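Chains as they are written, first to last, in this note's numbering: chain A, 44 to 397; chain B, 44 to 397.
Backbone N, C-alpha and C define an ideal beta-carbon position, used for all residues, glycine too.
Since we're looking at a predicted model, the values are computed, not measured.
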């Protein structure tokens, strides 16, 4: 099948450090190639991919030092180029939210749009009412809640490349927190849980400019009073296997409707169980008693960590491979692409059947 | 003529306080109505207008307290509605930068797009190369410099409603600075110029969140050492006539390529001369020796203030009325609308002429 993957231009594909959407697009693209398909990736020029790359910007926007840039203009130019080449593809798969709708109305039926962000924004319902013809994919069932009437085709949970993460059977006695320091990710809960059970905690996280005050005023003082908590900053893919593989459990104490939560499946890929708060996509990702536990408060979390240490780490990795590998994700997307193509084909005329 | 005016959704039309684009759209719309045309204004619901209002959002985005909103989605919904009603209009006039391009390709020739912002952004050239059919209006010749190859139809300088501003023949002995506290507006220069000539200066300006550090660290200390400088904060339209009419001169010491600079013509409307630094649109707006002076440094500015006090304030108002009233602006736009319609009309068949 000839497939176009259209990535956002904010981060490299895959991102150098933090970044979810572009990472998933990278892994999906490579998995589709492995399965024998022809894939063209529209992305910024520093993408690392086994697909044919259509480089539509010299570099990703976020880290581009140019003083004045327009993310809207950059995405419009990319989409103009995708449309110019639309006849080259059987299916065009967008990961760019809704900006593509005006350009692809004439072929909406052979596009697929995966929505990667939260959908509880005031202005969104009207857009999804006005552009009804675009088949949409949610990354969790929970993500759909604010837009139940939209043109949902399926939920496809994220996957990541299995070969990037080495499962470890022998954890090294600490808990892990991985991601971003921000109020909705609740690193404060992670610290209190570690204190409650007297286990070391390692926090690998970036601090965005917008979250610097939160870090300085809320988290830094907690770190000073908690000698068993180590803040190691932002880490890249190369360090994740060791960091997550060594953890007794990943703490995922979020307090916002996270549409997916990639770090949960990265932990599972390393054999680490997940102790997650009941929020957003968590109940769809964590299988209690198999790959981790779902909790409502810090007391339950502390108990769950002890239970999680008794889970079979090889079974966690197996569940990851079945449910959340990039290959599993690619298979689910291929089924949707097939469905689109079948719907798009006119019925063969009777003469041809006879 | 049946005309649609499509405003941005960031501020009310006109804005309650600071804001250029939505103010110009408000004044243009009212002037077109006064000249006998049928105008429909697409804008947020709190617009005050004599046109037919098509309210496409319950309120302007910037001051909307909703915690999560999408300016992209809001504008796409508005443009979808404009397109749905496109047959109702002879001409559709956009003030929304470039986001409308994908939706109006089929009728680009009867649209007009006024670009209100600076154009030296990295990602813009590619968009204007790809969408070549949209007739564009610049608000100064200088504004075009980064995009000389774009499909420019004309430059139309901004205008404001003459009846909103009462000209004053008797200034009250102070200099005025009106706008925003920010490094590129150079309020520091205004303060030093006032100190140099020993004249009071009144600063009416808002301080955006992003400029708070600049205000605190650079401007506030200067204010403490300059007792003749008074900082009076943000003012609305109702206070502008008195504030500008009382000024011996408006100081406009900018250090960035401002595409127009509405405050210069507001000052002229009140009879106040303008002392402006040679930057951006300034040479197109200020007529040296008639409506003010153009200077290169603070020393020249100090001398120019003294010379400006001898200019004829009634003549300044007359030049404003001729060149920069909303009616003058509306007349120039009507000529462009006529030109679009003429280009769009098929030649009458010979039989019809005979």
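B/354 is the residue among B/282, B/354, B/281 whose C-alpha sits nearest the C-alpha of residue 316 of chain B. Here residue 298 of chain B is actually not in contact with residue 318 of chain B; their C-beta atoms are around 15 Å apart, not less than 8 Å.
Only 109, 111, 112, 113, 115, 116, 117, 119, 120, 123 from the stretch 106-127 of chain B bring a Cβ to less than 7 Å from some Cβ of chain A. For residue 223 of chain B, the enclosing beta strand (DSSP E) begins and ends at 217-223. With respect to the 8 Å criterion, residue 103 of chain B and residue 52 of chain B are classified as neighbours on the basis of their beta carbons.
Measuring C-alpha to C-alpha distances from residue 145 of chain A to each of A/159, A/330, A/164, A/125 identifies A/125 as the nearest. In its chain, beyond the 5 residues on either side, 189 have a beta carbon closer than 6 Å to the beta carbon of residue 163 of chain A. In the DSSP assignment, residue 335 of chain B falls within the unbroken beta strand (DSSP E) covering 335-338. Membership of residue 326 of chain A in the alpha helix (DSSP H) is indicated by the continuous run 325-328. For residue 285 of chain B, the secondary structure class from DSSP, reduced to helix, strand or coil, is helix. Counting every other CB atom within 10 Å of its CB across the protein chains shown gives residue 77 of chain A a total below 16, marking it as exposed. The stretch 357-367 of chain A and the stretch 378-386 of chain A do not touch, with fewer than three beta-carbon pairs separated by less than 8 Å. For the pair residue 204 of chain A and residue 321 of chain A, the Cα-to-Cα distance works out to about 26 Å. Short of 8 Å from the beta carbon of residue 325 of chain B, and not among the five residues preceding or following it, lie these beta carbons of its own chain, in chain order: 295, 297, 301, 304, 307, 319, 337.
For residue 248 of chain A, the secondary structure class from DSSP, reduced to helix, strand or coil, is strand. The three-state reading of DSSP puts residue 259 of chain B in helix, counting H, G and I together.
Counting of Cβ neighbours within 10 angstroms places residue 259 of chain A among the exposed residues, the total staying below 16.
Residue 65 of chain B sits close to residue 55 of chain B, with the two beta carbons spaced by under 8 Å. According to the DSSP secondary-structure assignment, residue 47 of chain B is paired through a beta bridge with B/83, B/135. Within the stretch 155-180 of chain B, the residues whose Cβ lies closer than 7 Å to any Cβ of chain A are, in chain order, 163, 164, 165, 166, 167, 169, 170, 173.
Judged by their CB atoms, residue 368 of chain A and residue 288 of chain A are not nearer to each other than the 8 Å cut-off.
The alpha-carbon of residue 267 of chain B is positioned some 56 Å away from that of residue 182 of chain A. Under the three-state reduction of DSSP output, residue 199 of chain A falls in the coil class, being neither helix nor strand. With fewer than 16 other beta carbons inside 10 angstroms of its own, residue 111 of chain B counts as exposed. Rounded to whole angstroms, the gap between the alpha carbons of residue 154 of chain B and residue 178 of chain B is 7 Å. With contacts defined as CB atoms closer than 8 Å, residue 47 of chain B and residue 72 of chain B fail to qualify as a contacting pair. Contact holds between the stretch 215-224 of chain B and the stretch 238-255 of chain B, because three or more Cβ pairs, one in each stretch, are under 8 Å apart.
Residue 142 of chain A reaches chain B at 115, counting residues in chain order whose Cβ is nearer than 7 Å. For residue 145 of chain A, a Cβ of chain B is located within less than 8 Å of the residue's own Cβ. A Cβ-Cβ separation of about 4 Å places residue 166 of chain A in contact with residue 117 of chain B under the 8 Å criterion.
The DSSP-derived three-state label of residue 315 of chain A is coil. By the neighbour-count definition (other C-beta atoms within 10 Å, threshold 16), residue 169 of chain B is a buried residue.
When secondary structure is reduced to three states using DSSP, residue 365 of chain A falls in the helix class. Judged by their CB atoms, residue 249 of chain B and residue 60 of chain B are nearer to each other than the 8 Å cut-off. The beta-carbon distance between residue 159 of chain A and residue 136 of chain A, rounded to whole angstroms, is 12 Å. This is too long to meet the 8 Å contact definition. Assigned with DSSP and collapsed to three states, residue 77 of chain B falls in helix.
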